[in-house]
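Student: Chains A and B, in that order, are what the protein sequence lines are.
Mapping of the first sequence onto our numbering: residues -6 to 159, in sequence order.
Mapping of the second sequence onto our numbering: residues 4 to 126, in sequence order.
C-beta atoms are modelled at their ideal positions from N, C-alpha and C, and glycine is treated no differently.
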Amino acid sequence: MQVRMSRHMVTASIAVCLITLLSACKRGPDDATLTANVKSQLAAQSPALASMVNVETKDGVVTLTGTVDNDSAKSQAEQAAKSVASVKSVVNNLTVKPPITVSDDTKIKSAVEAGLAKYNVKGVTADVTDGQVTLTGEIPRAKLQDAMKAANEANPKKVNNQLTIK
Amino acid sequence: MLRDKYQSLIAMAEGSGVTELEIQEQDNVLHIHGTAPSEAVKQQLWDEYNRLDPDMRSGDVVLSLEVAAGGEEFYTVQPGDSLSKIATKYKGVTWQKIFEANRDQIKNPDLIHPGQKLRIPTA
Chain A
-6 MQVRMSRHMV TASIAVCLIT LLSACKRGPD DATLTANVKS QLAAQSPALA
44 SMVNVETKDG VVTLTGTVDN DSAKSQAEQA AKSVASVKSV VNNLTVKPPI
94 TVSDDTKIKS AVEAGLAKYN VKGVTADVTD GQVTLTGEIP RAKLQDAMKA
144 ANEANPKKVN NQLTIK
Chain B
4 MLRDKYQSLI AMAEGSGVTE LEIQEQDNVL HIHGTAPSEA VKQQLWDEYN
54 RLDPDMRSGD VVLSLEVAAG GEEFYTVQPG DSLSKIATKY KGVTWQKIFE
104 ANRDQIKNPD LIHPGQKLRI PTA
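1. With a floor of 4 residues, list each alpha helix (DSSP H) that falls wholly inside the region 18 to 81 of chain B, ordered by position along the chain.
2. Who pairs with A/Ser82 in a beta bridge, going by DSSP?
3. Is there at least one Cβ from chain A nearer than 8 Å to B/Gln47's Cβ?
4. Note the first and the last residue of the continuous beta strand (DSSP E) segment covering A/Asp120.
5. Three-state secondary structure (DSSP) at A/Thr94?
6. Using three-state DSSP, classify A/Asn145 as helix, strand or coil.
7. Along chain B, which residues have their Cβ under 7 Å away from the Cβ of A/Ala135?
8. In chain A, what lies closer than 8 Å to B/Val32 by C-beta?
9. Any residues in the region 107 to 126 of chain A with a beta carbon nearer than 8 Å to a beta carbon of chain B? Which ones, in chain order?
10. Does the beta carbon of A/Leu35 sit closer than 8 Å to a beta carbon anywhere in chain B?
11. For chain A, check one thing: does any of its Cβ atoms lie closer than 8 Å to the Cβ of B/Ser67?
12. Check the DSSP bridge columns for B/Arg122 and list the partner residues they point to.
13. Run through chain A and tell me which residues come within less than 8 Å of B/Glu42, C-beta to C-beta.
14. Compile a chain-ordered list of the residues in the region 18 to 32 of chain B whose CB is closer than 9 Å to at least one CB of chain A.
15. Is A/Gln138 close to chain B? Criterion is C-beta to C-beta, closer than 8 Å.
16. Is A/Asp52 close to chain B, meaning its C-beta is less than 8 Å from at least one C-beta of that chain?
17. Looking at the unbroken alpha helix (DSSP H) that takes in A/Lys67, where does it start and where does it end?
18. What is the rounded straight-line gap between the Cα of A/Val84 and the Cα of A/Asp24?
19. For A/Ile132, name the three-state secondary structure that DSSP assigns.
20. Do the region 135 to 146 of chain A and the region 9 to 18 of chain B meet, that is, are 3 or more Cβ pairs less than 8 Å apart?
21. Check whether the Cβ atoms of A/Gln34 and A/Gln69 lie closer than 8 Å to each other.
22. Output yes if chain A places a C-beta closer than 8 Å to the C-beta of B/Gln81; else output no.
23. Pick out whichever of A/Ala36, A/Lys151, A/Ile158, A/Met45 has its Cα sitting closest to the Cα of A/Ala73.
24. Is there a Cβ of chain B sitting closer than 8 Å to that of A/Lys159, yes or no?
25. Determine the DSSP secondary structure at A/Gln125, reduced to helix, strand or coil.
26. Which residues in the same chain as B/Leu86 place their Cβ atom closer than 7 Å to its Cβ, once the five residues preceding and following it in sequence are excluded?
27. Have a look at A/Thr58 and A/Asn86 and give me their C-alpha separation to the nearest angstrom.
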């Protein structure tokens, strides 16, 4: 009896081992597959972002490296990686580029005005507030690019084109 | 990301020899700064930006390109000039190239006016 019992126990423990092994197999995709899944998730959201982010996976833990434009891109990449099934956790080692420095409003304004003169643009007014250039006035379509060049080349934060295009 | 919206413009900048190229999205504006090798390349990039945003009203790009030293030259049209006559003054420059670089101010290549300042592209 005791022998039989132990045989049952052996059978049972083999069964337990098998189940454990099977469940280990079913635990999820391997690291290479997870890396591929994270990359395709990034590409689905933004091909440009995917091209700036390196992905590595070890034991289900995804590490992101590379340089992105801003904090929102950094967290977007992290969220995308976290949304992939079977990813245990995400180590976000992405670095963010230092912000672009913008000249003060007076400098921007004089640069825009110099540009408008250089490109021979007439009838356009440039207002500068908080680093943003706003163009107003009337302009023929043929001179639109020149007016925009003058504004853009002053390196402002933003250009608001409120020109009436004739 | 704005980099996706302006992907063709970025690819063109990266592929056309623009130096000191810096591209960065900040506060929902895509900044593209750099030095174009010639006036013609700069114009090509502006035409691409203009193609993507015909009225240029989106307010989501700052395209700031300088032209490399020697890449920008101007010629003031004199009475009796024609594009082909001007082209002979510059080695390796054809009248067609001058016409292309000045599309914004020349509609008909046979019609230029004294006093016009023409961009002379690099050969």
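Tutor: According to the structure shown:
1. Correct list: 42 to 55.
2. A/Val54
3. Not flagged as an interface residue toward chain A: B/Gln47, since no C-beta distance is shorter than 8 Å.
4. 117 to 122
5. coil
6. helix
7. Asp107
8. Lys150, Lys151
9. Asn113
10. no
11. yes
12. Per the DSSP secondary-structure output, B/Arg122 pairs in a beta bridge with B/Phe77.
13. The premise fails here: B/Glu42 is roughly 11 Å from chain A at the closest Cβ pair, so nothing lies under 8 Å.
14. Glu25, Ile26, Gln27, Glu28, Gln29, Asp30, Asn31, Val32
15. yes
16. no
17. 64 to 75
18. So the alpha carbons of these two residues sit roughly 14 Å apart.
19. strand
20. no
21. no
22. no
23. A/Ala36
24. no
25. Residue state, collapsed to three classes: strand.
26. Trp98, Ile101, Phe102, Pro112, Ile115
27. Each residue's CA atom was taken as its position, placing A/Thr58 and A/Asn86 some 5 Å apart.
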